[in-house]
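Protein chains: 2
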Amino acid sequence: MREKKLSRRERLKAGYCREILDAALELFTANGYHNVTMHQIAMKSEFSIGTLYNFFKNKEDLYHSLVLEKCKEYAGMQFRALQKDADVLERIREFLSNGIRFFLDNTSLIRIFIAETRGESFNLRSKLRNDARRVMNELDEKVASVMREGVQKKIFRRLDPVHLTLALQGLSEAFLFHWMDYPEAFPDGLQADMILDIFTRGSTAQTAAAGPAAGRG
Amino acid sequence: MREKKLSRRERLKAGYCREILDAALELFTANGYHNVTMHQIAMKSEFSIGTLYNFFKNKEDLYHSLVLEKCKEYAGMQFRALQKDADVLERIREFLSNGIRFFLDNTSLIRIFIAETRGESFNLRSKLRNDARRVMNELDEKVASVMREGVQKKIFRRLDPVHLTLALQGLSEAFLFHWMDYPEAFPDGLQADMILDIFTRGSTAQTAAAGPAAGRG
DNA sequence: ACAATTTGTGACGTATAGTTCACATACTGC
DNA sequence: GCAGTATGTGAACTATACGTCACAAATTGT
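So the sequences go chain by chain: A and B.
Position 11 of the first sequence, counted from 1, bears residue number 11 in my numbering, the numbering being contiguous throughout.
Add 1000 to the 1-based position in the second sequence for my numbering, that's all there is to it.
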């Protein structure tokens, strides 16, 4: 039975909310938080200013809802990928290609993610750290648990799972950003395998070990 | 002969400029561009608003000067490190520890760098992309040239030098940010060797090759 | 069909912050 | 010491943008 006893009115309202969020997302990704006005969002979503404030407490709340929603969408997808019953490396590969696809679909959304997790949105951080960031941290922990499994199964070297997680994320971010700035540098598109290859095998030729430099203090 | 024929007045002026920039840097790194007012900068630097505008065209120009200066400082240092007459891996190791030290000294400056190169400072990007970013791009090319040398000398595998550069940067950024958020996760401090180790050797155990996953499409 | 209630509207209030400019002050050469 | 220039000052101007609220429109129940 339909537990979601949403009246027509409520469904309409939800739809309005969607439209506002979608309009806002486009504007925010294109211009950044501080360079988007509530008037612009009102214009684009074809509602009046007042209506925006019927749906969201204020601008920050709107932005916050937006980021949280996208974070949950991303984290949910990645969580399921890492949960699967497959080889460790296979799960990581899917994690990578999922991430690439997600940011390819939500193109410049990644700028907002970065702005939120690393950037200078200082005013907002306080709230976002406690919501969106919590979601992302949970995901990080899940990744780390897969890494730990990889270490236990001797697939990975005896490295801190958190470090492995950082490495994977750092690599993908760097490639994603470079791809965003110079798409022509990747004629075949951004491939998960390319990143996974560097992540797993590293940079050095397998015969020549990296002993000398790594052994220094 | 003193080519720098700076009058006492001019030296004074330069000193004033320094004080303003230093005050602004502290504020910007602590609060981000949009959350710092010219009034605050005036207060902290102990000058009047009007004086700021005698030195800088406007707020953006001030910020721009600041970032450009720091970029040049960073890039100059790293350029010299990469220029040295040493082993490829040794130069990269110095590049890494330089970077760590620089961001350790200029602690939260890295947030601004990231905000500039990746983040949401959309208004500013136009100008900064053409100055600060040019400096950073030159540095990237220098790093890539060292990577190319490494490939030629068979120290690295036959990988695109640009990809190697991206990998190195991605790794260091990820570790730096994690260190900033969770310094306790690195009881011995952030070591260049730790990053270099992952960069060179990758994640997988050397015996078990990463064949299966990397070979997939 | 009409009243009651809920929802949508956008002009306006208010606050903030970047920038200017007329004036004060300090310095320079005579 | 004094005219002339350069520099420093901060109150005031202006622009912008968030958020409100009295009113309008639409919807619901009777």
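C-beta atoms are modelled at their ideal positions from N, C-alpha and C, and glycine is treated no differently.
Just checking: is the beta-carbon of residue i within a distance shorter than 7 Å of some beta-carbon in chain B?
i      : result
A/T29  : no
A/I114 : yes
A/Q40  : no
A/A205 : yes
A/R101 : no
A/H34  : yes
A/F177 : yes
A/A213 : Confidence in A/A213 is poor, its pLDDT being 45 and thus under 50, which makes the residue's placement unreliable; the coordinate value appears in the next sentence. So, interface residue.
Please decide whether residue i counts as near chain A, where near means a Cβ-Cβ distance under 7 Å.
i       : result
B/E1173 : yes
B/R1134 : no
B/Q1169 : yes
B/R1118 : yes
B/A1210 : Bear in mind that the predicted position of B/A1210 carries a pLDDT of just 44, short of 50, making it too unreliable to give a figure here.
Which word fits residue i, buried or exposed, when buried means at least 16 other C-beta atoms lie within 10 angstroms of its C-beta?
i       : result
B/S1045 : buried
B/Y1074 : buried
B/R1008 : exposed
A/I49   : exposed
A/A209  : Model confidence at A/A209 stands at a pLDDT of 45, short of 50, so the residue's coordinates are unreliable; what they give is reported in the following sentence. The residue in question, A/A209, is exposed, as its Cβ has fewer than 16 Cβ neighbours within 10 Å.
B/P1183 : exposed
B/S1070 : Correcting the residue type first, residue 1070 of chain B is Lys in the shown sequence and not Ser. That one is buried.
A/T37   : exposed
B/R1101 : exposed
A/E141  : exposed
A/H39   : exposed
A/G189  : exposed
A/T29   : buried
A/R111  : buried
B/L1012 : exposed
B/E1094 : buried
A/T107  : exposed
B/R1158 : exposed
A/G76   : exposed
B/A1024 : buried
A/A86   : exposed
A/D61   : exposed
A/D105  : exposed
Take residue i as the anchor and find which of the options has the nearest alpha-carbon.
i       : options                            : result
A/E173  : A/F199, A/G150, A/R18, A/A23       : A/F199
B/I1092 : B/E1149, B/L1176, B/G1189          : B/E1149
B/F1079 : B/N1137, B/S1048, B/I1112          : B/N1137
B/K1153 : A/T204, A/E69, A/F55               : A/T204
A/C17   : A/L66, A/L27, A/H34                : A/L66
A/D131  : A/L27, A/L52, A/Y33, A/K72         : A/K72
A/G15   : A/P161, A/F55, A/M43, A/V135       : A/F55
B/A1192 : B/E1019, B/L1168, B/Y1053          : B/L1168
B/D1022 : B/A1042, B/I1155, B/E1010          : B/A1042
A/L166  : B/E1060, B/I1195, B/F1047          : B/I1195
A/Y63   : A/E26, A/V88, A/V143               : A/E26
A/N160  : B/F1186, B/D1061, B/L1139          : Contrary to the premise, residue 160 of chain A reads as Asp rather than Asn in this sequence. Out of B/F1186, B/D1061, B/L1139, B/F1186 has the C-alpha closest to the C-alpha of A/D160.
B/E1084 : B/G1099, B/F1113, B/V1146          : It is Lys, not Glu, that sits at residue 1084 of chain B in the sequence shown. Checking every option, the nearest Cα to that of B/K1084 belongs to B/V1146.
A/G32   : A/G170, A/D181, A/L164, A/F113     : A/F113
B/F1175 : B/D1197, B/H1034, B/I1155          : B/D1197
A/V143  : A/F177, A/E90, A/L109              : A/E90
A/D181  : B/R1118, B/H1163, B/Q1206, B/W1179 : B/R1118
Between residue i and the ligand FAD, is there a pair consisting of the residue's CB and a ligand heavy atom that are separated by less than 6 Å?
i       : result
B/I1195 : Because no ligand of any kind appears in the structure shown, any question about the ligand FAD cannot be addressed here.
Mind checking the segment 1083-1099 of chain B against chain A and listing, in chain order, the residues whose C-beta falls within less than 8 Å of any C-beta there? Answer in chain order: D1087, L1089, E1090, I1092, R1093.
Where the segment 154-167 of chain A meets chain B: residues whose CB sits under 8 Å from a CB there: Of all residues in the segment 154-167 of chain A, K154, I155, F156, R157, L159, V162, H163, L164, L166, A167 have a Cβ within less than 8 Å of some Cβ in chain B.
If contact means a Cβ-Cβ distance below 8 Å, which residues of the segment 189-203 of chain A contact chain B? Taking 8 Å as the Cβ-Cβ cut-off against chain B, the residues of the segment 189-203 of chain A that qualify are D193, M194, L196, D197, I198, F199, T200, R201, G202, S203.
Completely contained alpha helix (DSSP H) runs for the segment 160-214 of chain A, where each covers 4 or more residues: Runs of the alpha helix (DSSP H) inside the segment 160-214 of chain A: 161-181, 192-201, 211-214.
Every unbroken beta strand (DSSP E) within the segment 1038-1106 of chain B, with a cutoff of 3 residues, ordered by chain: For the segment 1038-1106 of chain B, not a single whole beta strand (DSSP E) run of length 3 or above is found.
Select from the segment 58-85 of chain A all residues with a C-beta closer than 8 Å to any C-beta belonging to chain B, and list them in chain order. Taking 8 Å as the Cβ-Cβ cut-off against chain B, none of the residues of the segment 58-85 of chain A qualify.
Name, going along the chain, the residues of the segment 1137-1156 of chain B whose beta-carbon falls closer than 7 Å to a beta-carbon of chain A. From the segment 1137-1156 of chain B, only K1154, I1155, F1156 have a Cβ closer than 7 Å to chain A.
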